[in-house]
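Residue numbers (the working numbering): 2 to 219.
Below: one structure, written as structure tokens.
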């Protein structure tokens with residue numbers, strides 16, 4: 002498994018004292034998705050994809066309310082740690098309610114999340130709307146996509162943490178995958194910072210003119 006290159010450098014400027022905004026984003030299959038950002042949505046060009054695979058309520062309203070809470074929780078708990086890297090692009094969090102059986106293997110959970118993400122990327126990019134674009138990444142191992150999987154209860158985060166996944170998507174199929182587990186909120190924040198940096202490097206490589214529509218073609 003190839004190592005993930007972490008980019009570090011001058012702190013990127015971030016706007017302070019802005020209110021976190023949560024929106025309910027449509028998905029290709031109706032999966033609940035709460036999007037949180039602290040800037041104009043069209044300017045949040047570094048989207049971070051997070052899948053909550055723990056079983057939620059059967060009640061749709063309760064599921065959406067919990068997802069909104071989780072999105073805000075992650076936003077506030079990791080915002081400062083996401084701001085230590087190279088990127089000068091504002092980010093947003095797309096948090097999905099994607100419950101999977103607790104006894105499902107880690108490998109199978111990752112495959113299902115990646116499969117869903119590949120379909121979601123294609124559906125969003127097909128709309129041509131830059132506000133909900135899911136940007137690619139660029140890393141040392143040439144991994145083109147990045148996502149986070151929350152597969153444990155909140156009270157278990159310090160012990161079990163989150164799964165960070167980089168993967169290559171070619172012809173709508175999952176190929177090479179690089180995974181690691183990060184513990185606690187600080188660990189997640191640093192991982193998200195790396196993902197944000199990788200998006201910036203992708204723009205630098207594939208859309209150096211800053212034209213987001215160039216990214217839509219990738």
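All residues carry an ideal CB built from backbone N, CA and C; glycine is no exception.
- Residue environment: residue 77 is assigned as exposed (fewer than 16 neighbouring CB atoms within 10 Å of its CB, all protein chains considered).
- Assigned with DSSP and collapsed to three states, residue 119 falls in helix.
- As computed with DSSP, residue 165 is found in a beta bridge with 149 and 181.
- If you draw a straight line from the Cα of residue 59 to the Cα of residue 53, it comes to about 15 Å.
- Residue burial is scored here from C-beta neighbours: residue 27 has fewer than 16 other C-beta atoms within 10 angstroms and is therefore classed as exposed.
- A distance below 9 Å separates the beta carbons of residue 163 and residue 149.
- DSSP, read as helix, strand or coil, puts residue 39 in coil.
- Per DSSP, residue 82 lies in no beta strand (DSSP E) segment and is marked neither H nor E.
- The C-beta separation of residue 135 from residue 50 comes to about 7 Å, placing the pair in contact by the 8 Å criterion.
- The beta carbon of residue 99 sits closer than 8 Å to the beta carbons of 32, 52, 53, 54, 113, 114 and 117 from its chain, once the five residues preceding and following it are set aside; these are given in chain order.
- With contacts defined as CB atoms closer than 9 Å, residue 128 and residue 199 fail to qualify as a contacting pair.
- Each residue's CA atom was taken as its position, placing residue 181 and residue 165 some 5 Å apart.
- The residue from 153, 29, 74 and 125 with its alpha-carbon nearest to that of residue 57 is 153.
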